[in-house]
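Note that the protein sequences, when read in sequence, are chains A and B.
Going by the working numbering, the first sequence opens with residue -18, and the numbers climb by one from there.
Going by the working numbering, the second sequence opens with residue 43, and the numbers climb by one from there.
Take a look at the structure below.
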Amino acid sequence: MIKKLLKCVREYKKDSIIVPVLMAVEAIMEIVIPFLMTFIVGELQAVAEDTTGTREVDLNVIIVSAVLMIACAVIALIAGSVGAKLAAKASCGFAHNLREDMYNNLQTFSFANIDNYSTASLITRITTDVTNVQNAYQMAIRMLVRAPILFIASIIMTLIIEPIMALIFGCAALVLGIVVAFCMVKVVPYFRTMFRKYDSLNAVLQENLTSIRVVKSYVREGEEITKMKKATGDVYTYSVKAERILTIMMPSVMLVMFIVNIIILTMGSNMYVGNIAGGIQPSELQTLIQYSAQILSGVMMVAMCLNFIALSRGSAERIVQVLDERTTLPKAKEQISEVKDGSIDFDDVDFCYSQKADVAVLKDINIHIKSGETIGIIGATGSGKSSLVSLIPRLYDPSKGMVKVGGVDVRKYNLDALRNTVAMVLQKNVLFSGTIAENLRWGDETATDEQIREAAVQACADEFIQNLPGKYDYDLGQGGVNVSGGQKQRLCIARALLKHPKVIIFDDSTSAVDTKTDAIIRDNLRKYAPETTKIIIAQRITSVQDADRIIVLDEGKINGIGTHEELLNNNEIYKEVYQSQIKGGEE
Amino acid sequence: MSAINKTKDYGGDLIKTKRGAKTPMKTLGRLLRYAFLRNKIATVFVIVFVCLASVANVTAASRVSVIITELIANQQNANMSVVYNNIIFMGVIYAVGAISSFAYNIIMMYIAQGTLKKMRDDMFATMQTLPLQYFDTHTHGDLMSLYTNDVDTMRQLLTQTIPQLISSILTLIAVLSFMIMYSVTLLLVVCVVLAGIVIATKIIGGRSAKYYLTNQKALGALNGYVEEMTEGQKVIKVFCHEQKAREGFKEVNDQLNEAGSKANAYAFLMGPVNNNLGYLQYVLVALVGVLIMVFSGETGLISIYCSIQNAEQANRLALMAGMLVSFLMYTRQFNMPVQQVSQQFSAIIMALAGAERIFEMIDTVPEDKGGEITLTRGENGEGPWTWKKPNGDGTFEYIPVRGDIRFNDVCFGYTPEKMILKHISLYAKPAQKIAFVGSTGAGKTTITNLINRFYDIQSGTITYDGINIRDIKKSDLRRSLGVVLQDTHLFTGTVMDNIRYGRLDATDEECVQAAKLANADSFITHLPEGYQTMIRGDGANLSQGQRQLLAIARCMVTECPVLILDEATSSIDTRTEKLIEQGMDKLMEGRTVFVIAHRLSTVRNSHAIMVLEHGEIIERGNHEQLIAQKGKYYQLYTGAFELE
């Protein structure tokens, strides 16, 4: 998994390698500087020891040490600053590449793939999860080398001063390591639970934001507040459980450090006065105490790093899941790029949305549509109308049988070629922020202003567009919020018409358009696109009654095919629908 | 072309909201009060323990220098009992320090987590009381980020920054007082560099905070892009627009990368700069000290003690050297808290900005509660509903609830400049069905929003059983109105829970009965766990039609005398609608009903139909009368006029 993620480092590989090196330089300088301090302090102490007052300060020692210290500090500063910049560049760049790869792969998803992820979950993966991994990566390149070097170099320096002290440090580090590791093992599951509780908290919140009108209508504010209190209470409980362990960690580190200091002082002073074998100077004692802090903080840093990395594992998994998702539509070997005509054939087609669910959405579908024919489809909610037409531009593959367009199995086409030939106006249709012209050009990027207008006229959209401020340059707002439902549907139709498709499918896409306009649009289609096969799904009988043939779907099966008159005579369902609408709406 | 041209606009909303705090000190004060006033005793303990820990830290370090001085002074003949005494003393202090540090950390953790919980609860409780207008004018993303991002910055501030700040300041004061006692001259050197550190912190920390805010904005923009494009992902597929979508994403992604790099670079820079300035400080102190020793020889410049004691001239140098060593040690110690504070600088800026937004939200003026008149129902929750009107002298007048609603010359606009409804007068007698038809923006939904006081009218009156609805307690007014809205929303929980949302004391049987009436029973029993199936994500696993059926069932379990059906059956096909017609009739039986529908079959049998246009009722009457009028309704009816 980590390997897969690291592939996305790409152009930042060089920086990612330089950063630890620079950090190592900085760490070494940080060890050398206290060592140099020992010389200054040592020299001063030598003077202080001399009670006769004859010992002068050796300026050379002081100045050389001072200059060396400043030089080291400058080196450390440069290494640190460049390291900071590169670390930021590398970690942000890595995150950038992760997001890019995720999004690019998202674009290869089929409808079945898209159905697997909610928008909210994709957003979380692309933002929060990537940020978590970015932080872990940043920690890793900055700390994972630096901290051990700090540790090792301090130990080496201690060895130079007094080997026994190094042994003490080693033991202390080991003890500390065990304590920290123990805490980490205990804390990670709590954090996991806590993150899950966070998700529930967000769910309650999200729900209340979108459904505030329902909450207020039913006067359920009190109940919702109770729900929220439970959610925040859960987050509190698990945060406290997790943080309690982390809180123990810090003082235990201090305790270990204090014990080490006391041992060093006791042993050191005894060594100095000669009670124990070993040579040590008082100035070195001070340095050792400084090193003890550095060594133990090194251990701590490594622990924190590992903690961060452990916590980001869940995020990493979710990212890799998106990166690894492969489209459910296998790429054709043939890659046919020319669709002959708009004829459509369904041969013994069965379809279900997932292999697991054995409930077939469509069963035994056999339809043969000639190029240029107009086909209406009628059926109740959930009867499989949308599923049926979604097989034509190969949004899904059938589980059994074959769908042919232009006499060729849709699986043999190049996908773009097929979808550019088969235009579909979706039921849940979406416009994007931008002007009307920009949105219409989705159908044909190279379309001239005249062509755009022409399509809009055919879709009966030109009329209202002319009344908008800015006309075709009118800004639609996010999700096309600035136009009404009926207007939106007509824009979506115009957008599809601009493709000049051989097959056009309306999936209940005139439901909000009034019957008269609906009729005009259908008329225009007949007039301007006689060669195009037109498939119209509708709730309203009036939308389909003049079609060449009407298909009545019921629970995934074809219940009847025929003209309006034929069906009125021999199809119960059609008759029933007709009756219910006539009685209600039409005269 | 197309959507990518617009990518720069996505952060638009965030630019307003993601900014630094306007009144940082005031916010800090309020935050401290908010967090600590609730936990007065705990706070006292925290302060005591923080003080103990800092003092212990400094004292322990001073013991080290005492020991070393003793060793140096007497060399091989050092008095080991002095050394041991000091070590034992140190051990005790260390123990006190460790225990205190543990104590304040754990207390602070509880205070902080408690405060975060309270903050979220308070925000949510406030949010529930806010008028609808608030939700219409704030994006969900912004509100969500209050609970997540902003509260999270608070966590760091409370658990780490504030205790560290207190202990750092205490340590600083302690060390400073030691330093003053030694040498003012050397302290000046320390302060010169300290000034440099402060300036560096301000510049770097300020930049870092600034770019973090830019980063947040860029993240918001990316978020917006992904949200819009993913919602339309199927359209992208159908139009083979994948490449364009990628290009658009690249643009927002690149911007985020740039802002993020800068923000992080400055944040990482703080450590090395201040750390090395600290070394410079050390070197300067050493050099100045030595120079004074060598060239001036004035003991007072190195140590006040020296001049006071004015020891033997012969010992002068030795004394000065010893003092300088101690001073250098303090210089090191002085640096640690300075580092810690500077590292927290940008965290503080971010946290205060977050705290300000949180308090702003908590301070938002809630919706008023409405009048004094309440809704009651007999002695033990049985029998007919009545309005309970206080007479002001402790007695009550009881008015039976009948469901008579009247609009008298009502004017309303969401903003005062633009009136949506103009001089609307209408009445609905008990058990009547009143329908509203008209095109989008005509004001149909607005009318229903006024009955339940989601919004308040500018002029005119609305009465309910002869009572002005302003005099009725809002929650009771809403309790008396059953509503099925255009956008159906369901809650996380079982199907049963969702139906019971309508009336919390409804039995399972009553809920199932309601589902059967709404014709929802058949699809519910086909769900994997029937009525116990969990609904998640606003019922994403149900079709729009099924959601509407559930919403109708939810409304059926209520026993409200007045119903508002706003496009309640728009996503249900006509055949299913036919099937639930009986249920709907049952639902509406004996109740006053307001119906909005674009399907005319739904409104046909109403007692009165109001045709709305531009906020005015242009036609009214029953179906036959309106058809005979051959006006707008006739046009609508014959399909010559666009509805929705």
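In this text, a Cβ means the ideal position worked out from N, Cα and C, and glycines have one as well.
Check: Which of helix, strand or coil does DSSP assign to Thr428 (chain B)?; Outcome: strand
Check: Just to make sure I have the definition right: I need the residues of chain B whose C-beta is within less than 7 Å of the C-beta of Arg127 (chain A). Which are they?; Outcome: Neighbours of Arg127 (chain A) on chain B: none; closest Cβ ~11 Å, over 7 Å.
Check: Whole-angstrom Cβ separation of Val403 (chain A) and Pro482 (chain A), contact assumed at under 8 Å?; Outcome: 6 Å
Check: Ignore the nearest five residues each way along the sequence and tell me which others in Gln351 (chain B)'s own chain have a CB closer than 6 Å to its CB.; Outcome: With a pLDDT of 49 at Gln351 (chain B), under the threshold of 50, the predicted position of this residue should be treated as unreliable, and no value is reported.
Check: Report the rounded CA-to-CA distance for Ala102 (chain B) versus Ala134 (chain A), giving the unit in angstroms.; Outcome: 26 Å
Check: Spell out whether any CB of chain A is found under 8 Å from the CB atom of Val151 (chain B).; Outcome: The sequence given here has Met at residue 151 (chain B), not Val. Yes, its Cβ sits closer than 8 Å to a Cβ of chain A.
Check: For the candidate residues A:Met248, A:Leu421 and A:Asn505, whose alpha-carbon lies nearest to that of Asp454 (chain A)?; Outcome: A:Leu421
Check: Let me know if Thr243 (chain B) comes out buried or exposed under the rule of 16 or more other beta-carbons within 10 Å of its beta-carbon.; Outcome: buried
Check: Counting only beta-carbon atoms, is Arg392 (chain A) nearer than 8 Å to chain B?; Outcome: no
Check: Arg162 (chain B) touches chain A at which residues, Cβ-Cβ below 7 Å?; Outcome: Thr213
Check: By the 7 Å beta-carbon criterion, what residues does the region 45 to 61 of chain A contribute toward chain B?; Outcome: Ala47, Met50, Ile51, Ala54, Ala57, Leu58 and Gly61
Check: Is it buried or exposed, Phe172 (chain A), if we count other Cβ atoms within 10 angstroms and call 16 or more buried?; Outcome: buried
Check: Gly535 (chain B) and Cys597 (chain B) - do their beta-carbons sit closer together than 8 Å?; Outcome: no
Check: What residue from B:Ala140, B:Asn147, B:Arg105 and B:Glu112 has the CA that sits closest to Phe87 (chain B)'s CA?; Outcome: B:Asn147
Check: Under 8 Å between C-beta atoms, does Phe413 (chain A) make it to chain B?; Outcome: yes
Check: Could you tell me how far apart the beta carbons of Gln425 (chain A) and Arg434 (chain A) are, in whole angstroms, since I believe they sit closer than 8 Å?; Outcome: The question names Gln, yet the displayed sequence has Asp at residue 425 (chain A). Contact doesn't hold; Cβ gap of about 13 Å is too wide.
Check: Is there at least one Cβ from chain B nearer than 8 Å to Ile517 (chain A)'s Cβ?; Outcome: no
Check: Of all Cβ atoms in chain A, is any one closer than 8 Å to the Cβ of Ala216 (chain B)?; Outcome: no
Check: Taking 8 Å as the CB-CB limit, is Cys348 (chain B) close to chain A?; Outcome: At Cys348 (chain B) the pLDDT is 49, less than 50, meaning the model places this residue with poor confidence; the figure from the coordinates comes in the next sentence. It does not; no Cβ of chain A falls within 8 Å.
Check: One question on the structure: do Ile400 (chain B) and Met161 (chain B) come within less than 8 Å of each other, judged by their Cβ atoms?; Outcome: yes
Check: Suppose you measure from the CA of Ile190 (chain B) to the CA of Lys486 (chain B); what does that come to, to the nearest Å?; Outcome: Residue 190 (chain B) is actually Thr in this sequence, not Ile. Cα-Cα distance, rounded: 37 Å.
Check: Spell out a yes or no on whether the region 193 to 212 of chain B and the region 288 to 299 of chain B are touching, meaning 3 or more CB-CB pairs, one atom from each, closer than 8 Å.; Outcome: no
Check: Does the ligand ZN have even one heavy atom less than 7 Å from the beta-carbon of Leu412 (chain A)?; Outcome: Because no ligand of any kind appears in the structure shown, any question about the ligand ZN cannot be addressed here.
Check: Please go through the same chain and pick out, in chain order, the residues whose beta-carbon is closer than 7 Å to the beta-carbon of Leu284 (chain A), but skip the five residues on each side of it.; Outcome: In the sequence under discussion, the amino acid at residue 284 (chain A) is Ala, which differs from the Leu named in the question. Cβ neighbours of Ala284 (chain A) beyond the five flanking positions: Val161 and Met165.
Check: At 4 residues or longer, and completely inside the region 352 to 412 of chain A: list those alpha helix (DSSP H) runs for me, N to C.; Outcome: 366 to 371 and 396 to 402
Check: How should Tyr(-7) (chain A) be labelled, buried or exposed, when 16 other C-beta atoms within 10 angstroms of its C-beta is the threshold for buried?; Outcome: buried
Check: So, using beta-carbon positions, are Ile56 (chain A) and Met10 (chain A) closer together than 8 Å?; Outcome: yes
Check: With Ile56 (chain A) as the anchor, note down where its alpha helix (DSSP H) starts and where it stops.; Outcome: Leu40 to Leu87
Check: Excluding the 5 residues flanking Ala287 (chain B) on each side, which residues of the same chain have their C-beta closer than 6 Å to its C-beta?; Outcome: Met271 and Ile278
Check: Could you check where the alpha helix (DSSP H) with Pro1 (chain A) kicks off and where it finishes?; Outcome: Lys(-6) to Glu30
Check: From Ser287 (chain A) to Gln119 (chain A), what distance separates their C-alpha atoms?; Outcome: Position check: residue 287 (chain A) holds Leu in this sequence, whereas Ser was assumed. Taking the straight line from one Cα to the other gives about 12 Å.
Check: Would DSSP call Leu592 (chain B) helix, strand or coil?; Outcome: helix
Check: Do Val342 (chain A) and Gly537 (chain A) have their beta-carbon atoms positioned less than 8 Å apart in this structure?; Outcome: yes
Check: Please classify Phe337 (chain B): is it buried, with 16 or more other beta-carbons within 10 angstroms of its beta-carbon, or exposed?; Outcome: exposed
Check: Let's see if you can read the secondary structure: which residues bound the alpha helix (DSSP H) around Tyr219 (chain A)?; Outcome: Glu202 to Val254
Check: Just list the beta strand (DSSP E) runs in the region 509 to 541 of chain B, keeping only unbroken ones of 3 residues or longer that don't cross its boundaries, in chain order.; Outcome: 523 to 526
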